[in-house]
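Below is one structure, written out as structure tokens; the observations come after it.
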Amino acid sequence: MTSVEFSQDKSKLTVSLIGEIDHHGAQRIRDEIDRQILKIMPGIVVMDFSKVTFMDSSGIGLVLARSKLCADCKASLYVESVDRQTGRILALAGIKTIQNI
Amino acid sequence: MQNENYFRISFPSKSVNESFARMSVASFCMQFDPTIEQINDIKTAVSEAVTNCVVHAYPDSCGPVYITTRLKGDKLTVTVRDSGIGIENVQQAMRPMFTTDAAGERAGLGFAVMQTFMDKIKVYSKPGKGTKVVMTKNIG
Chain A
2 MTSVEFSQDK SKLTVSLIGE IDHHGAQRIR DEIDRQILKI MPGIVVMDFS KVTFMDSSGI
62 GLVLARSKLC ADCKASLYVE SVDRQTGRIL ALAGIKTIQN I
Chain B
23 MQNENYFRIS FPSKSVNESF ARMSVASFCM QFDPTIEQIN DIKTAVSEAV TNCVVHAYPD
83 SCGPVYITTR LKGDKLTVTV RDSGIGIENV QQAMRPMFTT DAAGERAGLG FAVMQTFMDK
143 IKVYSKPGKG TKVVMTKNIG
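Residue numbers (the working numbering), protein chains in the order written: chain A, 2 to 102; chain B, 23 to 162.
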């Protein structure tokens, strides 16, 4: 199962991804993330991967499409707390992450 | 005698089965006492191959996906096959960042991930007949 939780600190929106991010799971959460970004119009969006238990290349698409939306909304996007496996996949698309664990 | 075992499964190309498929192959591989990293690699590669069947092989319908997993000695072979529309140009489809998705939600890195996480991958496809992806990995 895939789900997403949001927390807000001033103009920073943290998007906590939870569970398995595959094609099926990404479909379930992407609209919810976009709606939240468009509602809050944050200055900074942090995608937090600390509760992700599995991810395939669908996670790359999930990040890239959100990064385009953030650019359109003039928000900065950060990807954090990825484990080694997830980091390897994101690196294939040249996505840099912070606070690797 | 060399250690040898195999299993076969088939299921409809519904996205909900992507998770079932990779978990099944991973469970089967546990008998060879793989490392966590090896299991993650296998799960990721299987997930990519099955997602291709769900998204591309049967674009507006649903059809069967067949997986055969074979362990022989230290060598794992996973074959993911469909009888969908096939790929016109396999070389182009395997090129990193090539995607047919206009919405920007698919990165076009499925085959790149399979190549990164498995030792070898071969793709056989015939338009109108289907596609077969054969992936091998040494798990010794």
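Backbone N, C-alpha and C fix where the C-beta goes; we use that ideal spot for every residue, glycine too.
Exercise. Check whether the Cβ of residue 66/B lies closer than 7 Å to any Cβ atom in chain A.
Key: Stepping through the second sequence from its first residue, residue 66/B is reached at position 44. Closer than 7 Å to some Cβ of chain A, the Cβ of residue 66/B qualifies, so yes.
Self-check item: Chain-ordered residues of the segment 87-101 of chain A with a beta carbon less than 8 Å from chain B
Solution: 89, 90, 93 and 94
Quiz item: Going along chain B, which residues have a C-beta under 8 Å from residue 17/A?
Solution: Start at 1 with the first residue of the first sequence, and residue 17/A comes out as number 16. Neighbours of residue 17/A on chain B: none; closest Cβ ~20 Å, over 8 Å.
Quiz item: Helix or strand or just coil, what does DSSP make of residue 64/B?
Solution: Here residue 64/B is taken as the residue at index 42 of the second sequence, counted from 1. For residue 64/B, the secondary structure class from DSSP, reduced to helix, strand or coil, is helix.
Self-check item: Reduced DSSP category for residue 38/B - H, G, I as helix; E, B as strand; rest coil
Solution: The residue you call residue 38/B lines up with position 16 of the second sequence. Reduced to three states, the DSSP call for residue 38/B is coil.
Exercise. Taking the CB atoms as reference points, tell me whether residue 70/B and residue 132/B lie closer together than 7 Å.
Key: Numbered from 1 along the second sequence, position 48 holds the residue referred to as residue 70/B. Numbered from 1 along the second sequence, position 110 holds the residue referred to as residue 132/B. Yes, they are a contact pair.
Quiz item: Quick one: complete alpha helix (DSSP H) runs, 4+ long, within the segment 35-89 of chain A?
Solution: 59-73
Quiz item: Any heavy atom of the ligand SAH within a distance shorter than 6 Å of the CB on residue 125/B?
Solution: The ligand SAH is absent from the structure shown, which contains no ligands of any kind.
Practice problem: Return the CA-CA distance between residue 2/A and residue 28/B, expressed in angstroms with no decimal places. | Solution: Walking along the first sequence from the start, residue 2/A turns up at place 1. Walking along the second sequence from the start, residue 28/B turns up at place 6. For residue 2/A and residue 28/B, the distance between alpha carbons rounds to 28 Å.
Self-check item: Beta-carbon separation (whole angstroms), residue 52/A vs residue 19/A, contact threshold 8 Å
Solution: Translated into positions along the first sequence, residue 52/A becomes position 51. Translated into positions along the first sequence, residue 19/A becomes position 18. Yes, they are in contact, since the Cβ atoms of residue 52/A and residue 19/A sit about 4 Å apart, within 8 Å.
Exercise. Count the CB pairs spanning the segment 89-108 of chain B and the segment 31-50 of chain B that are closer than 8 Å, and state whether there are at least three.
Key: yes
Exercise. Entirely within the segment 60-120 of chain B and at least 3 residues each: give me those beta strand (DSSP E) ranges in chain order.
Key: 86-94 and 97-104
Quiz item: Anyone know if the C-beta pair for residue 57/A and residue 82/A falls short of 7 Å?
Solution: Taking the first sequence and counting its residues from 1, the one referred to as residue 57/A is at position 56. Taking the first sequence and counting its residues from 1, the one referred to as residue 82/A is at position 81. Not a contact, by the Cβ cut-off of 7 Å.
Quiz item: Is there a Cβ from chain B that is less than 7 Å from the Cβ of residue 70/A?
Solution: Within the first sequence, the letter at position 69 stands for residue 70/A. Using a CB distance cut-off of 7 Å, residue 70/A does not count as an interface residue toward chain B.
Practice problem: Could you run through the segment 29-53 of chain A and flag, in chain order, every residue whose CB is less than 8 Å away from some CB of chain B? | Solution: 31
Quiz item: So residue 153/B is in the beta strand (DSSP E); what residue range does that whole segment cover?
Solution: Looking up residue 153/B in the second sequence gives position 131. Unbroken beta strand (DSSP E) run through residue 153/B: 152-160.
Quiz item: Do you know how far the Cα of residue 76/B is from the Cα of residue 64/B?
Solution: In the second sequence, residue 64/B corresponds to position 42, counting from 1. In the second sequence, residue 76/B corresponds to position 54, counting from 1. Between residue 64/B and residue 76/B, the C-alpha separation is close to 18 Å.
Exercise. Kindly list, in the order they appear in chain B, the residues whose Cβ is closer than 8 Å to that of residue 66/A.
Key: Along the first sequence, read from residue 1 onward, the residue named residue 66/A stands at position 65. Chain B residues near residue 66/A: 125, 126 and 127.
Quiz prompt | Inter-residue Cα distance where the pair is residue 54/B and residue 95/B | solution = If you number the second sequence from 1, residue 54/B lands on position 32. If you number the second sequence from 1, residue 95/B lands on position 73. Taking the straight line joining both Cα atoms gives about 9 Å.
Practice problem: For the segment 128-139 of chain B, enumerate the residues whose C-beta is nearer than 7 Å to any C-beta of chain A, in chain order. | Solution: Of all residues in the segment 128-139 of chain B, only 128, 129, 131, 132, 134, 135 and 138 come within less than 7 Å of chain A when Cβ atoms are compared, listed by chain position.
Practice problem: Would you list the one or two residues that DSSP bridges to residue 16/A? | Solution: Sequence index remark: in the first sequence, residue 16/A carries index 15 (1-based). According to DSSP, which records beta bridges pairwise, residue 16/A is partnered with 7/A and 48/A.
Practice problem: Report the residue from 142/B, 138/B, 125/B and 145/B whose alpha carbon sits nearest the alpha carbon of residue 31/A. | Solution: Position 30 of the first sequence, counted from the start, is the residue given in the question as residue 31/A. For residue 31/A, the closest C-alpha among the options 142/B, 138/B, 125/B and 145/B is that of 125/B.
Quiz item: Any idea if residue 90/A is buried or exposed, counting beta-carbon neighbours within 10 angstroms, 16 or more meaning buried?
Solution: On the first sequence, position 89 is the one that residue 90/A refers to. The residue is buried, with at least 16 neighbouring Cβ atoms inside 10 Å.
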